[in-house]
Amino acid sequence: MSKAESTGKGDPGKIATSEQEWRSKLTPEQFYVTRRHGTERAFSHPYHQEKGAGMYRCVGCGAPLFSSETKYDSGTGWPSFYAPASEEAVSEHEDRSFFTRRTEVRCAKCDAHLGHVFPDGPKPTGARYCVNGVALELDPGAHGDKSSE
Ligand SMILES: [Zn+2]
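To get the working numbering, take the position in the sequence shown, counting from 1, and add 1281.
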């Protein structure tokens, strides 16, 4: 056994928290977005224009979701990334509301609703992860890996 993880058994790392616990843990807006699949108003959150380096973590559970290295300005008013921090970081779900078909993106660990992914992003992935700023928490100390500059 080489893993230093503290998870006991069964589903590894999945966090199950009750509705009430989320309410006490999150601000009303964070709760609305992450647990009620809400959407913040465009340009309402400072992260849409945040340029600082670091790791954007889940407000619900602190899991690393998106690196600043994949962040770009999509002009939509929401923080946008062309890739998640890792493939396991987020889970994708089909969302058929509003008569359109979109792909919802959630935190793979605590199921927090983050936003949607669209196929009109920049290279190299061509994906646009359109994420609510309130669902994220920038951790300036955490770097994926330090590249040039
Ligand atoms: Zn989470």
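Cβ coordinates follow ideal geometry from the N, Cα and C atoms, glycine included.
Can you list, in chain order, the residues of its chain whose CB lies under 7 Å from that of residue i, leaving out five sequence neighbours each side?
i: Gly1407; result: Pro1400
i: Thr1351; result: Phe1362, Tyr1363 and Ala1364
May I ask you to list the residues that DSSP assigns as paired with residue i?
i: Lys1352; result: Phe1362
i: Pro1345; result: Arg1338
Leaving out five residues on either side along the sequence, give the residues of the same chain with a beta carbon under 8 Å from the beta carbon of residue i.
i: Glu1430; result: Only weak support exists for where Glu1430 lies, its pLDDT of 40 falling under 50; the value from the coordinates is given anyway. Hits under 8 Å: none found.
i: Val1415; result: Thr1308, Glu1310, Gln1311, Val1314, Thr1315, Glu1321, His1326 and Val1340
i: Arg1317; result: His1394
For residue i, count the other beta carbons within 10 Å of its own beta carbon; 16 or more makes it buried, fewer makes it exposed. Which is it?
i: Gly1422; result: exposed
i: Arg1304; result: exposed
i: Arg1409; result: buried
i: Pro1365; result: buried
Taking residue i as the reference, which of the options has the closest Cα?
i: Arg1382; options: Arg1338, His1326, Ala1389 and Glu1373; result: Glu1373
i: Ala1297; options: Ser1355, Ser1378, Cys1342 and Thr1384; result: Cys1342
In chain order, what residues of the same chain lie with their CB nearer than 6 Å to the CB of residue i, ignoring the 5 residues before and after it?
i: Gly1396; result: Val1386, Cys1411, Val1412 and Asn1413
i: Ser1349; result: Ala1334 and Gly1335
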